[in-house]
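Asker: The working numbering numbers the first residue of the sequence shown as 283 and each following residue consecutively. Glycine included, each C-beta is placed from N, C-alpha and C at the ideal position. Before anything else, here's the structure in question.
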Amino acid sequence: MATTHAEHHDHHDHHEMSFWEKYIFPLDHKVIGMQYLFTGILMGIVGAFFSYVFRMQLAFPGVEVPLFGLVTSAQYNSLITNHGTIMIFWFAMPILVAAFGNYLIPLMIGADDMVFPKINRLSYQIFLLSVVVLVASFLVHNGGFGGAWTAYPPLSAKAEYNLTPWGSILWLVAVVLEFVAFLLGGINFITTLMNSRAKGMKMMDIPIVCWMIVLASILFMASAGPLIAGAAMLLFDQTIGTGFFDPARGGDPILWQHLFWFFGHPEVYVVFLPAMGIVAEVITTFSRKKLFAYKVVLFTTFATGILSFFVWAHHQFIAGIDPRLANIFTVTTLLISIPIAEMLFVYIATLYGGAIELTTAMLFALGFLATFLIGGVTGVFLGASGADIYFHDTYFVLAHFHYTFVPIAVIAVFAGLYYWFPKMFGRFMNETLGKIHFWGTMVGFNGIFMPLFFTGAAGDHRRIFDYSNFPELAVSSLQHLRIVATVCVVITILFQFVFFFNFIYSMFRGRKCLENNPWKANSLEWVASCPPPHGNFAVMPEVYRGAYEYSVPGRELDYWPQNEKV
Ligand SMILES: [Cu+2]
């Protein structure tokens, strides 16, 4: 490694990098992380806009939606499909895994960059290509794949059911390209964590967030294969007339469900683990406490990862699988709630007795724990096959998984952005605006999904364009709840403008961060300057202890940076 470091620095000492080299074709892991971050945020805005449009249709069916117009049933299908697809593959994954992973891993383990910077750059370029292909799928004649983000056959296998075959073909190609991008990124994360750690950094000294992102990459690698194969088979069904999944051609639609969910369930943990990691860094710093039971969290994460490969058929309880098989998957699914609950308890124990400082980042981290708990608890109902027969495909399911995904992909991401913003941009975000943003987001988010538990329990089926067509669901009390949910979507979105203003304003005009370590944290990214230069550290740091030595008895200061000798 020593020689590559030297070459690296030599190379960049020789000439000033042009804008083009620095920002468009960068090799610096931090700039690539930012590219992922900004692309992910832009896609998140598109996905949020889609949800606004179809929620307006559900609250006020047949009324023109401001900024969109009249929604047709086919457009509705395409909007819900691409909302789900974007939010998971083009928003949650690029931000939680690729943006934070790229930005944080080398800095936090004391490396000057990723092991393979060019593969890293290629990863983002393929990701960007996937964005272009996905956006193209909305724009082709009639536009947009409408087979839901799970793309269940036989609907998805028959091109004639879609608005246009091109919509579904481009959608599938985009998903496959996006997967290639993340597989390439994962190679870097794993090799960098294993090979480039600062001198003295042992396995148990690695900050939890780095472990979590790397384990997430491993889970993704181990689960993506079946779905990539399935996607190729589906593409052949649509285009060259094979019959893997279409019963009319002798295929088996359940096969797709197995291939999809073998990937789809571990995917939850691919985004969940980085979120848990971000929250661990934030709560230890702002409670001045050592992470309660580091090893327990780490081994629990391994256990969760392995167990997540044995639960997938809980998505198929009503797909006609053998009830005896359903029992096994009920047991494994209920088992996986144990490690997750354990992690939450470890985090609560970390907070207990701490000197808690309620910064915006800390508020979002605590908000994550509170809301994710609701997501976890409601999952137990769906994991039990008996209860799931009733709840399956209702809004109860939708409310449940938004209570897991929104804490993960939105609330924990905000915790991370407010926390690392001074490192990323050398300035602070405004705390008052941050707190307004926090409360607006929390009230809005709960206002959207709490009512949907009730409409779901009352029988509201998902993927219905207009409930007024169904006499038993057209009752006014249910419609009132749907309107509450829609109004809260608008409120939540409006409060995000506070964030965008704060983010962009603070990037250029925020209070300057005059020290390297404004939060008095222990991990190595705070040794580098704000923002760190290409190559990260003026002197490569050496590590003497773990990342969470806060409030160590007998020490004058309540923190103990990993690189401080005594
Ligand atoms: Cu699942």
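On the three-state DSSP scale, how would you describe R709?
Answerer: strand
Asker: If you drop the 5 nearest sequence neighbours on each side, which residues of the same chain put their C-beta closer than 7 Å to that of L361?
Answerer: F332, V335 and F336
Asker: Quick check on DSSP: helix, strand or coil for K794?
Answerer: strand
Asker: Can you name, in chain order, every residue of its own chain whose Cβ lies under 6 Å from the Cβ of A803, other than the five neighbours on each side?
Answerer: T567, listed in sequence order.
Asker: Evaluate T354 with the Cβ neighbour count: other Cβ atoms within 10 Å of its Cβ, from every protein chain shown; 16 or more gives buried, anything less gives exposed.
Answerer: exposed
Asker: If G366 and W448 are in contact, beta carbons under 8 Å, what's the gap, nearest whole angstrom?
Answerer: About 20 Å separates the two Cβ atoms, so there is no contact after all.
Asker: Would you mind working out which of F783, I638, T641 and F650 sits nearest L626, comparing C-alpha positions?
Answerer: Measuring C-alpha to C-alpha distances from L626 to each of F783, I638, T641 and F650 identifies F650 as the nearest.
Asker: Taking 9 Å as the threshold (C-beta atoms), are P800 and V809 in contact?
Answerer: no
Asker: In this structure, does DSSP put V347 in helix, strand or coil?
Answerer: Looking at V347 - three-state DSSP - the assignment turns out to be strand.
Asker: Output yes or no for whether 9 Å exceeds the beta carbon distance between F731 and H684.
Answerer: yes
Asker: CB I495 to CB L573, shorter than 9 Å?
Answerer: Between I495 and L573, the C-beta spacing is not below 9 Å.
Asker: Just grab the DSSP bridge partners of T614 for me.
Answerer: In DSSP, T614 forms no bridge with anything.
Asker: One question on the structure: do L475 and I391 come within less than 9 Å of each other, judged by their Cβ atoms?
Answerer: In contact: L475 and I391 (Cβ atoms closer than 9 Å).
Asker: Would L501 and V552 be called neighbours here (beta carbons separated by less than 9 Å)?
Answerer: yes
Asker: For Y358, count neighbouring Cβ atoms within 10 angstroms of its own Cβ and tell me buried if that reaches 16, exposed if not.
Answerer: buried
Asker: Counting pairs of Cβ atoms below 8 Å between the segment 834-844 and the segment 411-430, do you hit three or more?
Answerer: Remark: fewer than three beta-carbon pairs, one from each stretch, lie closer than 8 Å, so the segment 834-844 and the segment 411-430 are not flagged as touching.
Asker: Quick check: the Cα distance between F382 and W702, rounded to an integer number of angstroms?
Answerer: Straight-line Cα distance between these residues: approximately 10 Å.
Asker: Please report the straight-line C-alpha distance between L421 and F427, rounded to a whole angstrom.
Answerer: 11 Å
Asker: Closest to H762 by C-alpha separation, out of P733, T524 and L309, would be which residue?
Answerer: Taking only the C-alpha atoms, the option nearest H762 is P733.
Asker: Taking the CB atoms as reference points, tell me whether S788 and F707 lie closer together than 9 Å.
Answerer: With contacts defined as CB atoms closer than 9 Å, S788 and F707 qualify as a contacting pair.
Asker: K577 by DSSP, collapsed to three states: which one?
Answerer: helix
Asker: How many Å lie between W842 and A637 at the Cα?
Answerer: Approximately 16 Å, taken between the alpha carbons.
Asker: List the whole-angstrom C-beta distance separating F307 from R403, where the pair is believed to meet the contact cut-off of C-beta under 8 Å.
Answerer: 6 Å
Asker: Using the rule of at least 16 other Cβ atoms within 10 Å of the residue's Cβ for burial, across every protein chain shown, is G228 buried or exposed?
Answerer: Here the chain comprises residues numbered 283 to 848, so residue 228 is not present and cannot be evaluated.
Asker: With a threshold of 8 Å (Cβ to nearest heavy atom), would G546 be considered close to ligand 1?
Answerer: yes
Asker: Leaving out the 5 sequence neighbours to the left and right, which residues in its chain are closer than 8 Å to V313 when beta-carbon positions are compared?
Answerer: K304 and Y305
Asker: Using 8 Å for Cβ pairs, my map puts M644 next to V564. What's the rounded Cβ distance?
Answerer: Taking C-beta atoms under 8 Å as the contact rule, M644 and V564 qualify, at a distance of about 6 Å.
Asker: The alpha helix (DSSP H) spanning I565 covers which residue range?
Answerer: Looking at the DSSP string, the run of the alpha helix (DSSP H) that includes I565 is P535 to S569.
Asker: Buried or exposed: L648, going by 16 or more other Cβ atoms within 10 Å of its Cβ?
Answerer: buried
Asker: For G676, which beta-bridge partners are listed by DSSP?
Answerer: The displayed chain sequence assigns Thr, not Gly, to residue 676. Bridge partners of T676: H743.
Asker: Could you check how far apart the C-beta atoms of A608 and S667 are, in whole angstroms? I think they sit under 8 Å.
Answerer: 4 Å
Asker: So what does K481 bridge to, in DSSP terms?
Answerer: E824
Asker: Go to R403, then tell me how far its alpha helix (DSSP H) extends in each direction, as first and last residue.
Answerer: P399 to L421
Asker: Can H540 be considered in contact with ligand 1, in the sense that its beta carbon sits closer than 8 Å to one or more heavy atoms?
Answerer: no
Asker: Where does the unbroken alpha helix (DSSP H) through R337 begin, and where does it stop?
Answerer: H311 to A341
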